Amino acid sequence: MADLIFYTNPQSRGQTVRWMLEEVGAPYDTEILGYGTSMKEEPYLSVNPMGKVPAIRHKGKVVTEVAAICCYLADAFPEARLAPPTSDRADYYRWIFFTSGPIEAAFSNKAAGWEPTPERQRMFGYGNYDLAINTLEKALTGREYIAADHFTAADLFVGANVNFMLAFNLLEPREVFVDYARRMTDRDAYRRAQEIDGRLIAEMQAQQAPQPA
Numbered sequence: 005m006a007d008l009i010f011y012t013n014p015q016s017r018g019q020t021v022r023w024m025l026e027e028v029g030a031p032y033d034t035e036i037l038g039y040g041t042s043m044k045e046e047p048y049l050s051v052n053p054m055g056k057v058p059a060i061r062h063k064g065k066v067v068t069e070v071a072a073i074c075c076y077l078a079d080a081f082p083e084a085r086l087a088p089p090t091s092d093r094a095d096y097y098r099w100i101f102f103t104s105g106p107i108e109a110a111f112s113n114k115a116a117g118w119e120p121t122p123e124r125q126r127m128f129g130y131g132n133y134d135l136a137i138n139t140l141e142k143a144l145t146g147r148e149y150i151a152a153d154h155f156t157a158a159d160l161f162v163g164a165n166v167n168f169m170l171a172f173n174l175l176e177p178r179e180v181f182v183d184y185a186r187r188m189t190d191r192d193a194y195r196r197a198q199e200i201d202g203r204l205i206a207e208m209q210a211q212q213a214p215q216p217a
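Sequential numbering of the sequence shown, starting at 5, is according to the numbering used here.
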C-alpha cells in the first residue's frame with residue numbers, strides 16, 4: 005500500500021484532487037466510495053465523519069476539504085513547485101480561500117435558486133453573487149497566473165472551480181474566465197486525471213445499467 009491514499013468518487017469534487025495528485029506525481033492508491041453507501045459507513049466514517057469525499061491519508065494523517073488537500077500536497081511535495089516560496093504566498097492563500105469560501109458559497113446558493121436579500125447580505129461572507137464574481141474577474145484580469153509567475157496549486161484550484169462553473173452554466177462566460185479556464189486545464193496532468201476519472205465513471209455506469217433478462 006502506498007503512503008498516500010486517495011478517497012473519492014469520480015463524480016465529485018474529488019476530480020480536483022485527482023488533478024492535484026497527478027501534478028504532484030507521487031504514487032498513490034485510490035479507494036472509490038459510493039454515495040449513500042460506503043461513503044456513509046465504516047471504515048470511511050473513521051476517515052471523514054462527515055461522510056463525504058474527497059479525503060487523503062498521507063503517512064497516517066488525514067486531510068479533508070479540497071482546498072486544504074491542495075495546499076497540503078503542495079507543501080508535502082515541494083519538488084512539484086506547486087506553491088510559491090513562503091515569503092510570497094499572500095496572493096496564493098488569498099485566492100485559494102476566496103474561491104473555497106465566498107465563490108463556492110455564492111455559486112452554490114445561486115445554483116440552489118437562492119440568494120441573500122439585501123438586508124441580510126452582511127451575514128454572508130460573499131455579500132452577493134455579483135460582488136463575488138466581479139471580484140474574481142478583477143483578480144484574473146491582466147494576469148497569466150493568479151498567485152505567482154508560474155502555475156501553482158492556486159491556479160489548479162481556482163481554475164478547476166472556474167472550469168466547473170462554466171461547464172454547468174453557473175458563471176457568465178466572460179472572456180477572462182473562459183481564457184483562464186482553458187489555459188489552466190491545458191496540462192498533461194489535467195488530461196491524465198480526466199482520463200482516469202472518465203474511465204471510472206464509465207465503469208460505474210456499466211455496472212449500474214440494467215442487465216438483459
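Glycine included, each C-beta is placed from N, C-alpha and C at the ideal position.
Given the structure is predicted, the values throughout are model-derived calculations rather than measurements.
C-beta atoms of residue i and residue j nearer than 8 Å
i, j, result
"residue 181", "residue 174", "no"
"residue 96", "residue 151", "yes"
"residue 87", "residue 79", "yes"
Coarse secondary structure for residue i, derived from DSSP in three states
i, result
"residue 150", "coil"
"residue 97", "helix"
"residue 8", "strand"
"residue 204", "helix"
"residue 103", "helix"
"residue 15", "coil"
"residue 156", "coil"
Supposed contact pair residue j and residue i - C-beta distance, whole angstroms, cut 8 Å
i, j, result
"residue 13", "residue 36", "6 Å"
"residue 109", "residue 130", "5 Å"
Best match in the options for proximity to residue i [C-alpha to C-alpha]
i, options, result
"residue 82", "183, 24, 166", "24"
"residue 40", "57, 28, 138, 30", "57"
"residue 34", "18, 110, 27", "18"
"residue 197", "11, 22, 6, 8", "22"
"residue 55", "42, 64, 108", "42"
"residue 190", "171, 164, 208, 170", "164"
"residue 16", "70, 31, 27", "70"
"residue 47", "105, 118, 11", "11"
"residue 199", "26, 7, 146, 112", "26"
"residue 193", "64, 123, 20, 91", "20"
Closer than 7 Å: residue i CB and nearest the ligand ATP heavy atom
i, result
"residue 95", "By its list of ligands, the structure shown contains no ligand whatsoever, and the ligand ATP lies outside what it can speak to."
Report the start-end ranges of each alpha helix (DSSP H) in the segment 159-190 that is 4 residues or longer and not cut off at the edges.
Listed in chain order, they are 179-188.
Secondary structure, alpha helix (DSSP H): runs of 4+ residues fully inside the segment 26-80
48-51, 70-80
Ordered list of alpha helix (DSSP H) runs contained in the segment 106-154, each at least 4 residues
108-115, 133-144
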